[in-house]
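The opening position of the sequence shown corresponds to residue 9 in the numbering used here, with each subsequent residue numbered one higher.
Beta carbons are placed, not taken as given, at the ideal position from N, Cα and C, and that holds for glycine.
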Amino acid sequence: MIPNMNPKQMKKLMKRAGIKTKELPVNEIIFIFDDKKWEFADPQVTEIDMMGQKTFQVIGTYVEKEMGFPEEDIKLVAEKANVSEEEAEKALKETGGDIAEAILNLSKGD
9 MIPNMNPKQM KKLMKRAGIK TKELPVNEII FIFDDKKWEF ADPQVTEIDM
59 MGQKTFQVIG TYVEKEMGFP EEDIKLVAEK ANVSEEEAEK ALKETGGDIA
109 EAILNLSKGD
């Protein structure tokens, strides 16, 4: 932001430069990564259109959560490899979620 410029002046300046902004009524946003996700509850989201290129600005606090595996996958691996659910989950992590490979790896240890 430009110092000492009120928001109305800033909007006028942006409009002259061909930049359009719009506040979006968003309730929740989730960014999903390979190993975690960020959950934003009630974020402030602004759509910025600059010469046809749209970008989005997200403002708010998020909760970071670790990505897990579906419970049914863990139980299936545990049952088929005859191991505990903790061992099954560890094997799924090591194989990137590949159920068949996790079962094979655990069965090799027999």
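For residue i, count the other beta carbons within 10 Å of its own beta carbon; 16 or more makes it buried, fewer makes it exposed. Which is it?
i: Ile82; result: buried
i: Val71; result: exposed
i: Ile27; result: exposed
i: Glu97; result: buried
i: Leu89; result: Note on residue identity: the sequence assigns Ala, not Leu, to residue 89. Classification for Ala89: buried.
i: Ile40; result: exposed
i: Ala108; result: exposed
Among the residues of its own chain, which have a CB less than 7 Å from the CB of residue i, if the five just before and after it don't count?
i: Pro51; result: Val34, Ile37, Val66, Ile67, Gly68
i: Lys73; result: Lys44, Lys45, Glu47
Residues bridged to residue i by DSSP?
i: Asp57; result: Lys28, Lys62
i: Val71; result: Glu47
i: Ile38; result: Glu47
Could you pull out every residue in the same chain whose Cβ sits closer than 6 Å to the Cβ of residue i, ignoring the five residues on either side in sequence?
i: Phe48; result: Ile37, Gly68, Tyr70
Closest to residue i by CA distance: which of the options is it?
i: Glu31; options: Phe77, Phe64, Lys88; result: Phe64
Is there a Cβ from chain D that is less than 8 Å from the Cβ of residue i?
i: Glu97; result: Absence of chain D from the displayed structure is noted, only one protein chain being present.
| Between the segment 17–30 and the segment 39–57, do three or more beta carbon pairs fall short of 8 Å? | As far as the Cβ criterion goes, the segment 17–30 touches the segment 39–57, which means the pair count is three or higher.
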